[in-house]
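> Order-wise, the sequence lines are chains A and B.
Counted from 1, the first sequence has number 83 at position 84 by numbering that gives the first Met the number 0; the numbering is strictly sequential.
Counted from 1, the second sequence has number 339 at position 340 by numbering that gives the first Met the number 0; the numbering is strictly sequential.
Note that beta-carbon positions come from the ideal geometry of N, C-alpha and C, so glycine has one too.
Handing you a structure now.
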Amino acid sequence: MGSGFEVKNGELVLRINPEVYSLERVYATAYIFLDKYYFILDGDKNKEIIVKIKPKDAKQDLEKFAYKFFEEMLSITNYFNQFEKNKDVISMVLQRALFSITPKPLTGKEDKEIKKLDEEIRQEANL
Amino acid sequence: MEDINKNREIWKEMMHEASAKEIETRILPYAYERLSSGKFVVTGYFGGWVLLSEEGLDSLKSEDFYENKDLYEKLKNSCIIIDNENLDLATGIYSAINRNLFLQPSLHMINVTNTCNYRCRYCHAGVSQGKDFMSRETALKTLKFIFKSGGPYITIEFQGGECLLNWKIVKLVVEKSREMNKIFKKDLHICIVSNLSLLNEEKLRFLAQHDVAICTSIDGSREVHDANRRTLAGHDTFNVTNDKVLFVKDYYKKLNLERKVDVLATITRLALEHPKEIVDTYVRLGIRTLHLRPVQNFGDALSRWPELTYTPEEFYDFWVKAMEYVFELNKRGIDIMERGSFNIVCKVLNHTDPMYVELMSPTGMGRTALLYNFDGAVYSSDEGRMILEPVFKIGTVDQEPMEVLGSEDNINTWASSFLDLTCYNSPFRPWGGIHPVKVYQDQGTIIPNVNMHPEYRIYAMQCKYLFDKIAEDGFEKELFMKWAGRVIK
């Protein structure tokens, strides 16, 4: 089943081939446009994903939006494919950066100072 | 101690593994946007960036840049492409612009009282009257919590209500923290945020002697300030604040103290018509840093929200007018900087972290910054205490810092604010952040919809504007370079 769209009665219906775009990518794309459109997701994630779209503002050009949706979905898919391909390098850089610190325990003098403060807190609580 | 040493060994091993791996040249995820000049700003995953022509961007997209030495170098220097040679550079850029990730909490805000002698139209704190003062016991426990939280940098910031109404606790915390720091030797800064109306010479002498910085609010011109900020009895406050700022400055001058007064402006709808007048007020008072912050929908502001608020686009238009005027003044030799731009250009041009909590990803709330309430509750941010539900209350000063910082609620808040998850296609993502309390207040959840969040939309428009100026490569870029090199404590 190929991907495509139709505009009918002020509603846009997208039909998406899940072998080209996964359900996760459809979710991610719809999420971007939540401020301007209502979305109803339907269909079968293995056979055909159906997205029914209604604009919050009736003046929207739905045909133009259909192309925009597919364009955004392509862009998302490309970005996350790149992310997936590079996740070993990304995690390598993050590891190198994040492992440069270790927690520092209190020194003897600092510990003594905290104990002094504890004593003051006890006295204050007993007042 | 044994645990820490064990962890160090594990980390060393992982570091070794991370360094030893051979990697072939590859393109990391990147995002781009067209600037007004027709050039594109292209940003790599770790915060390096480059300006490319359309042709250059096409070469990157089609991966045919290997023969173009100049483009190849640009992409490598910005870490958009990566191999073993620039792995350290990518690590360095990421570490530097996200320095906050490698430090324990550093901004400790103490709300010494919820009471205030003002009744501002937009009061975010939603203050109470005549009650809710921090006790000595809670103040001492708060200090214990702060010094045990472990970081090399500590900024204690007094918040309110009006802090000067609980002066004895302010004095206690200042004296005690300075005394304790003789042992702890932290880089300790103390700051008081006040409307200054109760500041007299005795109090100012104490603050100056103990190196306590002063911060206040001026919302701009007299007209705007007096409409927004009034006393409980309904009187104007512009003259009082103006006079007190001059009083503090004169006092510093008499004592030859190299100090400044920090001033913040909360921008309400009424201020949108007066960008020049606001800048002029600051210049007249000799204030050199201007911070134009959008009004927030917390506390008393909620009941007047329609009359206070505006769209992100309206705020942006106002901000642009103020910025154009700031450029004009700087061209005339008047040194004035806009703090919001500073927070961005620091990261972009200087690869340094201005430690501004709202531009951290994951959020700096409950990690870099903590708020200690008058009743001993610990919140992950100042704004956290301002909403009705205790969603952002993460513990109390009776607990150990690690127990509070590591609480499930706190960690969930960090995780939800990681911009990589929600903002993949913005070239401005590596320098930005999202504020979970504001997201919660706007969207009713801590999981942000970035595109619908007004402050993130303002941030993205501001970034584009700053990059337009950077791409012009003229006076404004020079000015940003100067700002980016400044150290703000």
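(1) Counting only the same chain and skipping the five closest in sequence on each side, list residues whose C-beta sits under 8 Å from that of ASP56 of chain A.
(2) Taking ASN194 of chain B as the query, report the chain A residues whose CB atoms sit under 7 Å from its CB, ordered along the chain.
(3) Strictly below 7 Å CB to CB, what residues from chain B border GLU109 of chain A?
(4) Straight-line CA distance for LYS7 of chain A to LEU61 of chain A?
(5) Below 8 Å on the Cβ atoms is my guess for LEU34 of chain B versus ALA470 of chain B; work out the distance and round it to an integer in Å.
(6) Buried or exposed for ILE80 of chain B, going by 16 or more other Cβ atoms inside 10 Å?
(7) Report whether the distance from the Cβ of PHE183 of chain B to the nearest heavy atom of the ligand MN is below 8 Å.
(8) Report the partner residues of SER216 of chain B according to the DSSP bridge assignment.
(9) Quick one: what does DSSP say LEU105 of chain A is sitting in, helix, strand or coil?
(10) Using the Cα positions of GLU18 of chain A and ASN45 of chain A, report the straight-line distance between them to the nearest angstrom.
(11) Compute the Euclidean distance between the alpha carbons of HIS224 of chain B and LYS63 of chain A, then round it to the nearest angstrom.
(12) Against TYR315 of chain B, what residues of chain A qualify as contacts under a CB-to-CB distance less than 9 Å, listed in chain order?
(13) Helix, strand or coil, according to DSSP, for ASN255 of chain B in the structure here?
(14) For THR444 of chain B, collect the residues of the same chain with a Cβ closer than 8 Å to its Cβ; drop the 5 residues on either side in sequence, then sort them by chain order.
(15) Taking C-beta pairs closer than 7 Å, name the residues in chain A that GLU136 of chain B reaches, listed in chain order.
(16) So which residues on chain B does ASN85 of chain A lean against when the C-beta distance must stay under 7 Å?
(17) Starting from the beta carbon of MET451 of chain B, find every residue of chain A whose beta carbon is closer than 8 Å, and list them in chain order.
(18) Using the three-state DSSP reduction, which class does THR288 of chain B fall into: helix, strand or coil?
(19) Classify GLU21 of chain B: buried if its beta carbon has 16 or more other beta carbons within 10 angstroms, exposed otherwise.
(20) Output needed for VAL403 of chain B: all residues of its chain with C-beta closer than 6 Å, excluding positions within five of it in sequence on either side, in chain order.
(21) Name the chain B residues that come within less than 7 Å of PHE4 of chain A, Cβ to Cβ?
(22) Can a CB atom of chain B be found closer than 9 Å to the CB of ASP56 of chain A?
(23) My guess is that TYR117 of chain B and LEU307 of chain B are in contact by the Cβ rule of under 8 Å, so how many angstroms apart are they, rounded?
(24) Look at the alpha carbon of TYR65 of chain B and the alpha carbon of ASN83 of chain B, and state the distance between them as a whole number of angstroms.
(25) Using the three-state DSSP reduction, which class does ASN125 of chain A fall into: helix, strand or coil?
(26) Taking C-beta to C-beta, are LEU203 of chain B and VAL173 of chain B nearer than 9 Å?
(27) Taking 9 Å as the threshold (beta carbon to beta carbon), is LEU105 of chain A in contact with chain B?
(28) Let me see if you follow: with CB-CB separation under 9 Å, is LEU116 of chain A close to chain B or not?
(29) Is there a Cβ of chain B sitting closer than 9 Å to that of VAL25 of chain A, yes or no?
(30) Note the first and the last residue of the continuous beta strand (DSSP E) segment covering GLN81 of chain A.
(31) Three Cβ pairs or more, each shorter than 8 Å: is that satisfied between the stretch 52-68 of chain B and the stretch 439-458 of chain B?
(32) Are the C-beta atoms of PHE79 of chain A and some chain B residue less than 9 Å apart?
(33) Have a look at SER77 of chain B and PRO28 of chain B and give me their C-alpha separation to the nearest angstrom.
(34) Opposite ASN110 of chain B in the DSSP bridges: which residues?
(35) Please confirm whether PHE146 of chain B has its beta-carbon closer than 9 Å to some beta-carbon of chain A.
(36) Kindly list the residues whose CB is nearer than 6 Å to the CB of ILE100 of chain A, restricted to its own chain and excluding five residues on each side of it in sequence; keep chain order.
According to the structure data:
(1) LYS35
(2) What ASN194 of chain B touches in chain A: nothing, since even the nearest Cβ is about 29 Å away.
(3) ILE182 and PHE183
(4) 10 Å
(5) 5 Å
(6) buried
(7) Absence of the ligand MN from the depicted structure is noted, as is the absence of any ligand whatsoever, leaving it without description.
(8) B:LEU263
(9) coil
(10) 8 Å
(11) 46 Å
(12) None at all; the shortest Cβ gap to chain A is about 17 Å.
(13) coil
(14) VAL438
(15) ILE120, GLU123 and ALA124
(16) ARG25, LEU27 and PRO28
(17) LEU33 and ASP34
(18) strand
(19) exposed
(20) VAL377, ILE393 and GLY394
(21) None at all; the shortest Cβ gap to chain B is about 22 Å.
(22) no
(23) Contact flag wrong, Cβ pair sits at about 16 Å.
(24) 16 Å
(25) helix
(26) no
(27) yes
(28) yes
(29) no
(30) It is not in any beta strand (DSSP E) - GLN81 of chain A instead sits in the alpha helix (DSSP H) that spans 61-84.
(31) no
(32) yes
(33) 12 Å
(34) B:GLN158
(35) yes
(36) With a pLDDT of only 49 at ILE100 of chain A, under the threshold of 50, the placement of this residue in the model should not be trusted; the figure read from the coordinates follows. Counting only Cβ-Cβ distances below 6 Å, and skipping sequence neighbours, we find nothing.
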